[in-house]
Structures are given as C-alpha cells and as structure tokens.
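Remarks on the structure that follows.
Residue numbers (full-length UniProt numbering): 1 to 164.
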C-alpha cells in the first residue's frame, strides 16, 4: 500500500496513502472535479454541525477522561468515514525535486506502465480513499490529471512513479 517516487529525482521518497485521510491537503472528489464544496447536501451539513456542537458540549460537561481529541470534531469524522478523497501530487514532487532533465514519467502498476509528460503531474491528483476506505483491489492510488481529462478512466493501481 505504498507508492514510490524514483528515477531522476534528487530525493527518492516513499508515500503511504493510508495516512492521508488525516492530512489537511486532501480534497473531496466533488471539490476537485465537480466544483462542489463537499459530498453532502447543505441540510446534511447543518445537521452534522448541530450534532457535532451538541456532542462537543456534552463531552465538555462530562469532562471525560481520557481527554477527547479536539482536532477532529464529529462532523469531520462523519465526512472522513463516507468521503472519497484525492491528494494533490505537487507537494510530494516538490519534496522529491525531479530533475529538469526529466521530461517523462512512468506510472508503474501491476498491469504495466503508462508514460506521461512529467509536467502533467504537477496538477495531478491521487485518489486514495473511496467511501472512506483505502483502495485495496486496484490501489493503492489512482491518478487523475488536474484538467479532468481522464476523469472517467484514471490510471489505476499505481505503485511507483519513475521520472525519466
């Protein structure tokens, strides 16, 4: 369940998509491609927020021990459990620092490899969770180009990205 960035990079890195669910850089599928703010309706969001506030007040009043993790409220938990999330690839590219000579990249999966332009990866998004669950059958990630050109047919099962 890991993805490696290797080849003509200054720093080869290994990514673990299973921990991205807690990363603030993640976006929902609808935010990325449909222009929507989230995958829930405004009524559902209002109800979840009301329940979250009520739960937070009850926890505070009861003074539970051990203390409750305040960084993720109940609304966010519900969103994580049901959401389909993508992670921008750009921050990881900036960390690995691909060479300026790297013009192409091979997206390696169990089915083989697909060659793409290295510049196309700057706006790419990696699907890592569907309905709140990691991609196991054809994962660990699917690659979508930022312009949505392969929205219907993403590159699936990517295990390694090799800059050439």
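The C-beta atom is built at its ideal place from N, Cα and C for all residues, glycine as well.
These numbers were taken from a predicted model, which means no experiment stands behind them.
Alpha-carbon spacing of residue 98 relative to residue 31, whole angstroms: For the purposes of this step, residue 98 is taken as the residue at position 98 of the chain shown. For the purposes of this step, residue 31 is taken as the residue at position 31 of the chain shown. When rounded, the distance between both Cα atoms is 28 Å.
Three-way DSSP call (helix, strand, coil) for residue 137 in this model: Reading the chain shown from its first residue, position 137 is the one you call residue 137. The answer is coil: DSSP assigns residue 137 none of H, G, I, E or B.
Exposure label - residue 12; buried when at least 16 CB within 10 Å: Locating residue 12 in the chain shown gives position 12, where the first residue counts as 1. Around the Cβ of residue 12, a 10 Å sphere holds fewer than 16 other Cβ atoms; the residue is exposed.
Exposed unless 16 or more other CB atoms sit within 10 angstroms - verdict on residue 29: Translated into the one-based positions of the chain shown, residue 29 becomes position 29. Buried, because 16 or more other Cβ atoms sit within 10 Å of the Cβ of residue 29.
For residue 21, the three-state DSSP class (helix, strand or coil): Locating residue 21 in the chain shown gives position 21, counting from the first residue. It is helical.
Coil, strand or helix - residue 161 by DSSP: What you label residue 161 is simply residue 161 of the chain shown in a count that begins at 1. In the structure shown, residue 161 sits in a strand (DSSP, three-state: E or B).
Euclidean distance between Cα positions of residue 82 and residue 89: Counted from its first residue, the chain shown places residue 82 at position 82. Counted from its first residue, the chain shown places residue 89 at position 89. Residue 82 and residue 89: Cα-Cα distance of roughly 22 Å.
Between the CA atoms of residue 50 and residue 16 - distance to the nearest angstrom: Here the question's residue 16 lines up with position 16 in the chain shown. Here the question's residue 50 lines up with position 50 in the chain shown. Residue 16 and residue 50: Cα-Cα distance of roughly 34 Å.
Reduced DSSP secondary structure (H/G/I, E/B, other) of residue 32: If you number the chain shown from 1, residue 32 lands on position 32. Judged by DSSP in its simplified three-state form, residue 32 adopts helix.
Contacting residues, own chain, Cβ-Cβ under 8 Å from residue 92 (five flanking each side not counted): Position 92 of the chain shown, counting from 1, holds the residue named residue 92. So the qualifying residues of the chain are 5, 13 and 15.
Under the three-state DSSP convention, the category residue 169 falls into: Residue 169 falls outside the range modelled here, since the chain spans only 1 to 164, and no answer is possible.
Reduced DSSP category for residue 76 - H, G, I as helix; E, B as strand; rest coil: Here residue 76 refers to the residue found at position 76 of the chain shown. Annotated three-state conformation of residue 76 is helix, per DSSP.
Burial state of residue 61, where buried means 16 or more other Cβ atoms lie within 10 Å: Within the chain shown, the letter at position 61 stands for residue 61. With a pLDDT of 49 at residue 61, under the threshold of 50, the predicted position of this residue should be treated as unreliable, though the coordinate-derived value follows. It is exposed - the Cβ of residue 61 has fewer than 16 other Cβ atoms within 10 Å.
For residue 128 and residue 163, believed in contact at Cβ under 8 Å, the rounded distance: Numbered from its first residue, the chain shown carries residue 163 at position 163. Numbered from its first residue, the chain shown carries residue 128 at position 128. Beta-carbon to beta-carbon, residue 163 and residue 128 are separated by about 21 Å, too far to satisfy the 8 Å threshold.
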